[in-house]
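Notes for the one structure printed next.
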Amino acid sequence: MLTQYNKNKIKLAIFDLDNTILKIDSDYEMVNYLIDKGLILEKYRKINENYFNSYEDGSININNFSELSLKPFVGMKQDDINFILDDFYYKIIEPAYNLNLIKIIYEHKKANQKILLASATNSLIVFYIAGKLGFKDFISSKVIFKSGRCTGKVKQPHALGEGKLKLVNEYCRDSNYSLNNACFYSDSKNDLPLLEAVNMPIAVNPDKNLKNIAKSKNWMIINN
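For what it's worth, my numbering labels the leading residue of the sequence shown as 3, then goes sequentially.
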């Protein structure tokens, strides 16, 4: 997968999480998991479905969705949250890995290129998955803790759209990387700001809108 061009030009490989490394949307699946566990009322399943659809068409109110998805964790300590995440990970996340992307992550690491996970999903989930996948660094919608307990609030900006680009730019500034030497793997048109900013944008199983844009711009497309 890595060509000589990749090896010479790319110093930083950035990966989206949902529907890219994973074949599912982890935020959406977490809400359904919490409903199944009785931690969120059943009536919110339809609301979750509506949020998922609004993400796909780019109209999601990310603040409202975060309030819904984080509500069960309010007041909890990290150890208690990790207990829930352990079960969620092995039942829902691990079976949903896109093994081709896992191989690509390994190839970038083998080529001594820095890997960065950049996801709009909340940091409770992203932190856990990043550790499992060997990402030392990640960008996410950062959940705020106060006195060691989850507040259910997210530090602005959310890592979505322009917010993700802003946070990745801050990471690059602090870590001495440049988007001029970066590639980014993503499935969603919501990631266009970052895709258009990197040296090498790569569409992975892209949604309809991103597929059309990727074709028009002659971006690499991976389907599997």
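Idealized CB from N, CA, C, for every residue including glycine.
Contacts around residue i, its chain only, beta-carbon distance under 7 Å, and the 5 residues preceding and following it disregarded
i	result
N34	R47, N50
N182	N201
T123	L19, D20, S28, D29, S142, S143
Integer-rounded CB distance, given that residue j should sit under 8 Å from residue i
i	j	result
I12	Q115	6 Å
S28	I127	5 Å
N226	N211	Actually they do not touch by this definition, with Cβ atoms about 20 Å apart.
Local Cβ density within 10 Å of residue i, reported as buried at 16 or more and exposed below that
i	result
N55	exposed
Y92	exposed
D209	buried
L36	buried
A113	exposed
L41	exposed
N192	buried
Other residues of its chain near residue i: CB distance less than 6 Å, five sequence neighbours each side excluded
i	result
G165	P159
Y7	The pLDDT assigned to Y7 is 45, lower than 50, so where the model puts this residue is not dependable, and the model offers no usable value.
W221	P203, A205
Short Cβ contact (7 Å threshold) for residue i with residue j
i	j	result
L228	F140	Any question about residue 228 goes unanswered here, given that the chain covers just 3 to 226.
F75	Y53	no
G154	L72	yes
Proximal residues to residue i (C-beta, below 8 Å), its chain only, five neighbours per side dropped
i	result
Y99	I23, L24, K25
Y173	L118, D139, I141, Y179
G77	R151, C152
K168	P159
Boundaries of the beta strand (DSSP E) in which residue i is found, first to last residue
i	result
G154	151-156
Y187	184-188
Boundaries of the alpha helix (DSSP H) in which residue i is found, first to last residue
i	result
S68	64-72
V170	164-177
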